[in-house]
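Residue numbers (the UniProt record's numbering): 1 to 303. Positions of the beta carbon are idealized from the N, C-alpha and C atoms, including for glycine. Since this is a predicted model, take the numbers as computed values, not measurements. Before any comments, here is the structure.
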Amino acid sequence: MQTILKEVYPYRTLLKELIPILKKRNVMAFQKKMMKIMELENNKRDLSSIKECHDAYTDFVESLRRSFSSPEYESNASGGVLEKCIHSIHSHSKEEIQALMDVVKRTTNIQKWKEDAMRYLGSFLEHSEKYYPVMFFIQVGDITIPHAIDFMIDTIDVDSVHVDFSKSFNLLNDMLLLPVGLCNMDLTEDFNIFPNATTGMKGINGLSEFAKLPDGLKIEKLSDYGVIEKYLANCFNSHVRNGIAHDNTIFYTDTQMVEYYYKMNDNETYEDYRLIDVAIMTFVNTLHVMEMFVLLNTISKKL
């Protein structure tokens, strides 16, 4: 937690403040703003192009991700997926990576996704101190959903958590093909071949067909895909997302339990979670959005 206070809190407005400068493609202003906020004038990083500015922005996102994360989280929860994805990018040909990206681009506008991710991450970082109780669980690698012990959180309200959950879920959902495809390449040498092709993915012929599945069915199909199932860690929850999207949730202030009525026009079927657990889901999904942002930049350098 001391690392977070030292490496994140002083720079919590940086991502958001750099966005309009990047849009204006003002290299000198970007460098000046970044160096001023991070107080690194004596260790100046000279930037000569807008591409280098985007690289520097991505490097900062990655440094934030590392600060928020922990070895315990990486080993117990993330399943080493980021490392597998980066290994696939570096170990496969440019043509293979381009073929994967062609599939991803059929369902997601990459440029719009990056802009939306930048806005979300900038906003999230700005109020990240509200998630300090959650950061404790991340630091010790405990993201069990639901927690058996009753925990309460008073640093953030349910509406704010729901806004962040929806945005992080949708961003991760729109880019889910990328880690799945890259992990396929790492495990089977082909982004269209799933390691669980004879079980959970039986009958799904390739990544494009997987992309057409409803969100809930995607999650179900990934439930026996070892590393991806561990990576999503019960935090990529379409029932919570649907309940929020339908504006059909009930929050109990005395217990901080939230009921999510996830079926349209059904006020009987629901899942319930404590607010701290929904906040943990949100934080984990946000870490994954950071990872997708880093992966896209790594791929752009390759292509």
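Judged by pairs of C-beta atoms under 8 angstroms, the region 13-21 touches the region 114-124, as three or more such pairs exist.
Segment contact: the region 204-219 against the region 175-185, three or more CB-CB distances shorter than 8 angstroms; contact assigned. M257 carries a strand assignment under DSSP once its states are collapsed to helix, strand and coil. H92 and N109 have their alpha carbons spaced roughly 23 angstroms apart. In this structure, the beta-carbon distance from L287 to S75 does not fall below 9 angstroms. With a cutoff of 9 angstroms on beta-carbon distance, Y273 and Y260 are scored as near each other. For V158, the CB contacts under 7 angstroms within the same chain, skipping 5 residues up- and downstream, are F251, V258, L275 in chain order. About 13 angstroms separates the beta carbon of H162 from that of D277, a gap too long to meet the 8 angstroms contact definition. Here DSSP, grouped into helix, strand and coil, assigns D277 to helix. For the 9 angstroms CB-CB criterion, N297 and D102 do not form a contact. Under DSSP, D272 takes part in a beta bridge, and its partners are E259. Just so you know, the alpha carbons of E115 and V27 end up roughly 18 angstroms apart. With distances taken between CA atoms, I244 lies nearest to E271 out of Y11, K221, E271. In this structure, R65 keeps its C-beta atom at 9 angstroms or more from the C-beta atom of M281.
Note on L100: 16 or more other CB atoms within 10 angstroms of its CB, so buried under the neighbour-count rule. Note that the C-beta distance between T58 and V294 is below 9 angstroms. Burial state of N267 is exposed, judged by a 10 Å Cβ sphere holding fewer than 16 other Cβ atoms. According to the DSSP assignment, T188 belongs to the alpha helix (DSSP H) that extends over 177-188.
In the same chain as E220, and ignoring 5 residues on each side of it, the C-beta atoms closer than 8 angstroms to its own belong to G200, in chain order.
For H90 and K301, the gap between their C-alpha atoms comes out near 10 angstroms. For the beta strand (DSSP E) assignment, the region 106-146 encloses no uninterrupted run of at least 3 residues.
For I21, the uninterrupted alpha helix (DSSP H) segment begins and ends at 14-23. When the five nearest sequence neighbours on each side are left out, the beta carbons in the same chain lying within less than 6 angstroms of the beta carbon of Q31 are those of L47, in order along the chain. In the DSSP assignment, T58 is bridged to no other residue.
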